[in-house]
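*Asks:*
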């Protein structure tokens, strides 16, 4: 059964919601939907109190470590952490309360999948504590894994072969559809169907969700195999389209 999973995106030390495709080093092009006045720990506590397991904290660039540590401290062992994770610092984040670490760019030096780095990270924290982020951009009828704040396309396509191979090293996948992330214009339905068909391990999809009905939609499209994250549409992040309480009810009733 599809579940609602939470997110806490941190940029420049604050909890924010950003249009994914605009996330780069050029601050002039950055489109921000929401900037929280409350600390990261507030959102972590909210997810904890409502039992929203699998929630991920993503550090979007420098200046985010303190806020990330604060969030992890509010729910020790209950949150996943991503953003700048390497084999050198992964254990640090586990020691600071992360349930799992999420990795993308580190695995793709020069935009190419590095199997040595993958093995090193697996050896450091183990399969059960590792989440591979395969956030992607759509190119025709294919999805290409994107890194470097979703600005650089890698040599890796999301397909059955890729997911089956990488599943041997991690316990789940996190997939942002970067082209629709933050736009609240609907999910990439084809990607959800593909993820359910191809992945042998749990997957969380993020990007474009705009209605509480999207939980039922993802459940139908994926046969309950893919979980869903809301961002900018959610009322706790300044959105008007989706109620956090309704998401909690969905998880409770399903």
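Numbering (this note's numbering), first residue to last: 1 to 254.
Backbone N, C-alpha and C define an ideal beta-carbon position, used for all residues, glycine too.
The model shown is predicted, which means the values in this text are computed figures rather than measured ones.
(1) Here's a check: name, in chain order, each residue in its chain whose Cβ is nearer than 7 Å to the Cβ of residue 102, leaving out the five neighbours to either side.
(2) Report the three-state DSSP secondary structure of residue 1 (helix, strand or coil).
(3) What is the DSSP secondary structure of residue 178, reduced to helix, strand or coil?
(4) Measuring CA to CA, which of 68, 230, 92, 162 is closest to residue 129?
(5) Give me the residue from 94, 191, 98 with the minimum Cα distance to residue 141.
(6) Residues bridged to residue 172 by DSSP?
(7) Quick one: complete beta strand (DSSP E) runs, 3+ long, within the stretch 178-221?
(8) Is the Cβ-Cβ distance between residue 121 and residue 90 less than 8 Å?
(9) Quick check on residue 195: buried or exposed, where buried means 16 or more other Cβ atoms within 10 Å of its Cβ?
(10) With DSSP run on the structure shown, which of helix, strand or coil describes residue 26?
(11) Where residue 53 and residue 59 are concerned, what is the direct C-alpha to C-alpha distance, given to the nearest angstrom?
(12) Suppose only complete runs of 3+ residues qualify. What are the beta strand (DSSP E) ranges in the stretch 62-125, listed by chain order?
(13) DSSP state of residue 235, grouped into three classes?
(14) Count the other CB atoms within 10 Å of the CB of residue 37; is the residue buried (16 or more) or exposed (fewer)?
(15) Near residue 225, which residues of its chain fall below 6 Å by C-beta distance, leaving aside the five closest residues on each side in sequence?
(16) Quick one, are the C-beta atoms of residue 218 and residue 205 less than 8 Å apart?
(17) Nearest CA to the CA of residue 152: which residue from 88, 203, 113?
*Replies:* Taking the structure as given:
(1) Translated into positions along the chain shown, residue 102 becomes position 102. Cβ neighbours of residue 102 beyond the five flanking positions: 56, 80, 81, 82, 85, 131, 133, 174.
(2) In the chain shown, counting from the first residue as 1, residue 1 sits at position 1. Here residue 1 sits in coil by DSSP.
(3) Indexing the chain shown from 1 puts residue 178 at position 178. Note: residue 178 maps to coil in three-state DSSP.
(4) Sequence index remark: in the chain shown, residue 129 carries index 129 (1-based). Among 68, 230, 92, 162, the Cα nearest to that of residue 129 is on 92.
(5) Residue numbering aside, residue 141 sits at position 141 when the chain shown is read from its first letter. The option with the nearest alpha carbon to residue 141 is 191.
(6) Numbered from 1 along the chain shown, position 172 holds the residue referred to as residue 172. Bridge partners of residue 172: 131.
(7) 203-206
(8) Along the chain shown, one-based indexing puts residue 121 at 121. Along the chain shown, one-based indexing puts residue 90 at 90. Yes, they are a contact pair.
(9) Walking along the chain shown from the start, residue 195 turns up at place 195. With 16 or more Cβ atoms within 10 Å of its Cβ, residue 195 is classed as buried.
(10) Locating residue 26 in the chain shown gives position 26, counting from the first residue. With a pLDDT of 48 at residue 26, under the threshold of 50, the modelled position of that residue is not reliable, and the figure given next carries that caveat. Reduced to three states, the DSSP call for residue 26 is coil.
(11) By 1-based counting over the chain shown, the position of residue 53 is 53. By 1-based counting over the chain shown, the position of residue 59 is 59. About 19 Å.
(12) 79-82, 98-103
(13) To locate residue 235, count along the chain shown from 1; it is residue 235. Three-state result, residue 235: helix.
(14) On the chain shown, position 37 is the one that residue 37 refers to. Label assigned to residue 37: exposed.
(15) Against the chain shown, residue 225 aligns to sequence position 225. Excluding residues within five positions, the ones whose Cβ falls inside 6 Å are 196.
(16) Taking the chain shown and counting its residues from 1, one reaches residue 218 at position 218. Taking the chain shown and counting its residues from 1, one reaches residue 205 at position 205. Yes, these two residues count as a Cβ contact at 8 Å.
(17) Mapped onto the chain shown, residue 152 falls at position 152. The candidate whose alpha carbon is nearest that of residue 152 is 113.
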